[in-house]
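Participant:
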Amino acid sequence: MWLSRPSKDELASSRKILFKHEAITKDIRLLKLHRKSQTGEITCELEDVLLSDDRQFEAISYTWGDPLLTHKILINGSPYMITANAHSALASMTSILYSKYVWIDSICIDQSNNKEKNHQILRMEEIYRSASCVAVWLG
Numbered sequence: 003m004w005l006s007r008p009s010k011d012e013l014a015s016s017r018k019i020l021f022k023h024e025a026i027t028k029d030i031r032l033l034k035l036h037r038k039s040q041t042g043e044i045t046c047e048l049e050d051v052l053l054s055d056d057r058q059f060e061a062i063s064y065t066w067g068d069p070l071l072t073h074k075i076l077i078n079g080s081p082y083m084i085t086a087n088a089h090s091a092l093a094s095m096t097s098i099l100y101s102k103y104v105w106i107d108s109i110c111i112d113q114s115n116n117k118e119k120n121h122q123i124l125r126m127e128e129i130y131r132s133a134s135c136v137a138v139w140l141g
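Here the sequence shown stands for residues 3 to 141, where the numbers follow the numbering used here.
1) Mapping DSSP to helix, strand and coil, what is Tyr103?
2) With which residues is Ile84 paired in a DSSP beta bridge?
3) Candidates Lys34, Ala61, Thr85 and Gly79: which alpha carbon is nearest Leu71's?
4) Are the region 53 to 64 and the region 97 to 109 touching, with three or more C-beta to C-beta distances below 8 Å?
5) Check for me: the alpha helix (DSSP H) holding Leu124 runs from which residue to which?
6) Just to confirm, is the Cβ distance from Ser108 to Ala88 under 8 Å?
7) In whole angstroms, what is the alpha-carbon distance linking Gly79 and Thr45?
8) Can you tell me where the beta strand (DSSP E) with Glu60 in it begins and where it stops?
9) What is the rounded straight-line gap between the Cα of Glu43 and the Cα of Asp50?
10) Just the Cα atoms here: how many angstroms apart are Ile26 and Arg125?
11) Can you tell me whether Leu92 is buried or exposed, with buried defined as 16 or more other CB within 10 angstroms of its CB?
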C-alpha cells in the first residue's frame with residue numbers, strides 16, 4: 003500500500019500555532035486557569051489587567067526546575083510549553099469547581115522580551131503584595 007506525502011498546505015493546517023505573548027497594555031498579565039478538564043489538560047487565558055482593579059488572584063512562587071523537562075498547556079487555545087515544576091504547580095491549583103486567576107512569572111512575563119522582563123521584575127514586590135495569597139510550590 004502506497005501512502006502519499008501530505009502537501010505543504012495540509013502540514014501547515016495540521017499544526018497549531020504556538021502561543022505568543024502580545025505587548026502588555028495595562029500593568030500586568032494574569033493567567034485565568036479554567037476548571038480542571040476530564041483529560042487533565044491545563045487550559046487557560048492570559049489577560050492584561052490593572053493592579054488597581056482589585057482583581058482577586060493568587061501568586062505562585064516556585065523554582066523553575068530543569069528547562070528541558072517541559073509540559074504543554076493551552077493558553078488562549080494555543081499550545082505553550084512550561085517547565086515540569088510550573089506544570090505541577092498549576093495542576094495543583096486547578097479546581098474542578100471554578101476558574102481562578104493566578105500570577106506565575108514564567109508565563110505572565112514574556113521571557114523572550116528583556117525590556118518587559120526587566121520592567122516586570124521591578125514590579126514583583128507590588129504583584130506579590132497585591133495577591134490575595136501567595137502559594138509557595140516546592141515541587
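Built from N, CA and C at the ideal position, the CB exists for glycine as well.
Facilitator: Quick look at the numbers:
1) Strand, per DSSP.
2) Answer by DSSP bridge pairing, in chain order: His73.
3) For Leu71, the closest C-alpha among the options Lys34, Ala61, Thr85 and Gly79 is that of Thr85.
4) Between the region 53 to 64 and the region 97 to 109, the count of Cβ pairs shorter than 8 Å is three or higher; the stretches touch.
5) Where Leu124 is concerned, the enclosing alpha helix (DSSP H) stretches over Asn116 to Leu124.
6) For Ser108 and Ala88, yes; Cβs fall inside 8 Å.
7) When rounded, the separation of the alpha-carbon atoms in Gly79 and Thr45 is 8 Å.
8) Note, Glu60: beta strand (DSSP E), Glu60 to Tyr64.
9) Distance between the alpha carbons of Glu43 and Asp50 is about 23 Å.
10) Going from the Cα of Ile26 to the Cα of Arg125 covers about 14 Å.
11) Classification for Leu92: buried.
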